[in-house]
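These notes are about the structure you will find just below.
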Amino acid sequence: MSRPFRTRLPLLAIIAVNVVTLAAFAVAAASLTGRGERRVVEALSATTTAPRLPISHERPVMVEPYYDDPSVVSDEELRDVLEKVRPRFGMERLQPNYVEHALRAWGPSIEFHEPGVMDGPEMVLFLTDYGRHLASWGVRARPLLVERPQGIAINWGKRPGESVHHDHWLACLTEAGLPLETPIFGPNRRGDTLNDALQEALRDFDPNERETEWSVMAFGFWLPPDHQSWTNRDGRRIDFDLLAETLMRGASRFGVCGGTHRVYSLMVLLRLDDDHRLLSPPMREGVYEHLRRVRDAISLSQHASGEWGTDWPNGAAAYANPLREPAYRQVIATGHHLEWLAIAYPDLQPNREVVQRAADWLVQTVRDIPQEDLIGQYTFFSHVGNALSLWRKTHPAEAWPKLSAGQSLAP
1078 MSRPFRTRLP LLAIIAVNVV TLAAFAVAAA SLTGRGERRV VEALSATTTA PRLPISHERP
1138 VMVEPYYDDP SVVSDEELRD VLEKVRPRFG MERLQPNYVE HALRAWGPSI EFHEPGVMDG
1198 PEMVLFLTDY GRHLASWGVR ARPLLVERPQ GIAINWGKRP GESVHHDHWL ACLTEAGLPL
1258 ETPIFGPNRR GDTLNDALQE ALRDFDPNER ETEWSVMAFG FWLPPDHQSW TNRDGRRIDF
1318 DLLAETLMRG ASRFGVCGGT HRVYSLMVLL RLDDDHRLLS PPMREGVYEH LRRVRDAISL
1378 SQHASGEWGT DWPNGAAAYA NPLREPAYRQ VIATGHHLEW LAIAYPDLQP NREVVQRAAD
1438 WLVQTVRDIP QEDLIGQYTF FSHVGNALSL WRKTHPAEAW PKLSAGQSLA P
């Protein structure tokens, strides 16, 4: 009878394999940052290294616009813009950042009653239910929602199917006014809520990251009046002075969307500080002075036809020698500037003619662009619809039913 063939490894070979394996583990462990080590500990122990922050209110604090100015945008102009920025999305491989922008602008309750146009409840489900994202992207894409031991994180970056910016998902759901107990359905878990995503973002926040604009905004809307500071995963105490400082450091042009998101988040912090005293007096004055400089820069850098380029921080030099860039970059800069100006104090306003010229340019740009091209650049144009609505002291979801029915926005 023949015996089964067996391969015997020499003892030295076995030892060598084990040495290589242990060395690989050692290299991997050494490459972990302190934060990475803490995440490994959390994953193995199912506990968190940072305390959970109690939030007493069910909905976020909101900042409302100051102005209702038909000279900036008329009823007819706003109707034309909102008609084109309705969220006409195909469901196959739908980018989450399109839906995030649409939800931020239109809110969770809007119903268009029109085939091919995404209603508010559908937007919420797409962003909070793993199954909806899976149906759109299939199993090859990474899930949008990530289940961690004590919270929900969001996959973000440049890969298809992910949110594009850190905490943009959280900021958009927050600006849309979703309640803290909004259900989140991950790949394998039920019972999580928006609060679990907020808590994970608070633990995960690193003030040294390049993109902090959306984190700052979301935390500002959720933490007051209960908290002015918290402790992150690294054991570092974070307060709103530090958040404001992170937004002001470095050249303005280095921020996302030509630095305009930083400006918006700083204006949000000032408005929240009015009621909740989030900033120390010296930091509040520092933010105020920073925004005065922004006001002066956009007063000098506006193109003759009304738009701003992403070189707006250069002031008069940007007007004299404008940057050559695609038109969508100017849509980004101009739409975002009108958003923060709509919630800015009167003494932070440029001359009203500056705002009017910018709005006129945006309205004409929206009217001229083919619908298909606009949807392809939806994230940028959603800010236009939101900004112009704010300048009528309203929001797209409030204005559209009236305007589409031929009614006036006048009280």
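Mind the numbering: the sequence shown is residues 1078 to 1488 in the numbering used here, read in order.
Each residue gets a CB set at the ideal place from its N, CA and C atoms; glycine is no exception.
Within 10 Å of its beta-carbon, does residue i have 16 or more other beta-carbons around it, so buried, or fewer, so exposed?
{"i": "S1186", "result": "exposed"}
{"i": "Q1379", "result": "buried"}
{"i": "M1139", "result": "exposed"}
{"i": "S1466", "result": "buried"}
{"i": "P1447", "result": "exposed"}
{"i": "M1200", "result": "buried"}
{"i": "P1302", "result": "exposed"}
{"i": "H1338", "result": "buried"}
{"i": "Q1484", "result": "exposed"}
{"i": "H1134", "result": "exposed"}
{"i": "A1374", "result": "buried"}
{"i": "S1481", "result": "exposed"}
{"i": "P1173", "result": "buried"}
{"i": "S1213", "result": "buried"}
{"i": "E1154", "result": "buried"}
{"i": "P1403", "result": "exposed"}
{"i": "D1273", "result": "buried"}
{"i": "R1156", "result": "buried"}
{"i": "E1290", "result": "buried"}
Taking just the CA atoms, how far does residue j sit from residue i?
{"i": "E1191", "j": "Q1305", "result": "44 angstroms"}
{"i": "G1336", "j": "T1387", "result": "8 angstroms"}
{"i": "P1427", "j": "S1376", "result": "6 angstroms"}
{"i": "N1391", "j": "G1215", "result": "45 angstroms"}
{"i": "P1358", "j": "G1462", "result": "35 angstroms"}
{"i": "Y1365", "j": "E1322", "result": "12 angstroms"}
{"i": "L1451", "j": "E1239", "result": "21 angstroms"}
{"i": "A1218", "j": "P1237", "result": "7 angstroms"}
{"i": "G1254", "j": "V1345", "result": "15 angstroms"}
{"i": "A1278", "j": "L1202", "result": "20 angstroms"}
{"i": "R1369", "j": "N1232", "result": "36 angstroms"}
{"i": "L1324", "j": "V1432", "result": "24 angstroms"}
{"i": "A1395", "j": "A1381", "result": "11 angstroms"}
{"i": "E1188", "j": "G1208", "result": "22 angstroms"}
{"i": "L1130", "j": "P1478", "result": "39 angstroms"}
{"i": "Y1175", "j": "G1184", "result": "13 angstroms"}
{"i": "L1171", "j": "L1180", "result": "14 angstroms"}
{"i": "G1263", "j": "T1205", "result": "8 angstroms"}
{"i": "R1469", "j": "A1127", "result": "43 angstroms"}
{"i": "A1436", "j": "R1401", "result": "21 angstroms"}
{"i": "L1343", "j": "T1411", "result": "17 angstroms"}
{"i": "Q1245", "j": "D1281", "result": "A small fix is needed here, since residue 1245 is His in this sequence, not Gln. One C-alpha to the other measures close to 14 angstroms."}
{"i": "I1043", "j": "R1136", "result": "With the chain covering only 1078 through 1488, there is no way to say anything about residue 1043."}
{"i": "L1211", "j": "T1270", "result": "19 angstroms"}
{"i": "Q1407", "j": "W1389", "result": "10 angstroms"}
{"i": "E1258", "j": "A1393", "result": "48 angstroms"}
{"i": "A1295", "j": "R1310", "result": "18 angstroms"}
{"i": "W1307", "j": "R1326", "result": "21 angstroms"}
{"i": "L1489", "j": "H1367", "result": "Lying before the first or after the last residue shown, residue 1489 is absent from the chain, which here runs from 1078 to 1488."}
{"i": "D1424", "j": "G1383", "result": "21 angstroms"}
{"i": "A1476", "j": "D1445", "result": "22 angstroms"}
Who does residue i pair with in a DSSP beta bridge?
{"i": "S1306", "result": "D1316"}
{"i": "D1269", "result": "I1261"}
{"i": "E1224", "result": "I1229"}
{"i": "S1240", "result": "W1233"}
{"i": "D1206", "result": "F1262"}
With H, G and I counted as helix, E and B as strand and the rest as coil, what does DSSP make of residue i?
{"i": "L1279", "result": "helix"}
{"i": "D1388", "result": "coil"}
{"i": "W1299", "result": "helix"}
{"i": "F1166", "result": "coil"}
{"i": "F1262", "result": "strand"}
{"i": "W1468", "result": "coil"}
{"i": "A1476", "result": "helix"}
{"i": "A1021", "result": "Outside the shown range of the chain, which is 1078 to 1488, sits residue 1021, and nothing can be said about it."}
{"i": "S1481", "result": "helix"}
{"i": "A1487", "result": "coil"}
{"i": "D1055", "result": "As displayed, the chain neither begins before 1078 nor continues past 1488, which places residue 1055 out of reach and without an answer."}
{"i": "E1191", "result": "coil"}
{"i": "S1292", "result": "helix"}
{"i": "D1157", "result": "helix"}
{"i": "D1145", "result": "strand"}
{"i": "H1460", "result": "helix"}
{"i": "L1086", "result": "In this prediction, L1086 has a pLDDT of 47, which is less than 50 and means its spatial position is unreliable; nothing more can be read from the coordinates."}
{"i": "N1285", "result": "coil"}
{"i": "H1178", "result": "helix"}
{"i": "S1213", "result": "helix"}
{"i": "F1102", "result": "Because the pLDDT of F1102 is 47, which lies under 50, any placement of that residue in the model is unreliable, and the number read from its coordinates should be weighed accordingly. Helix."}
Fill in: Secondary structure, beta strand (DSSP E): runs of 3+ residues fully inside the segment 1367-1453
Segments of the beta strand (DSSP E) lying fully in the segment 1367-1453: there are none.
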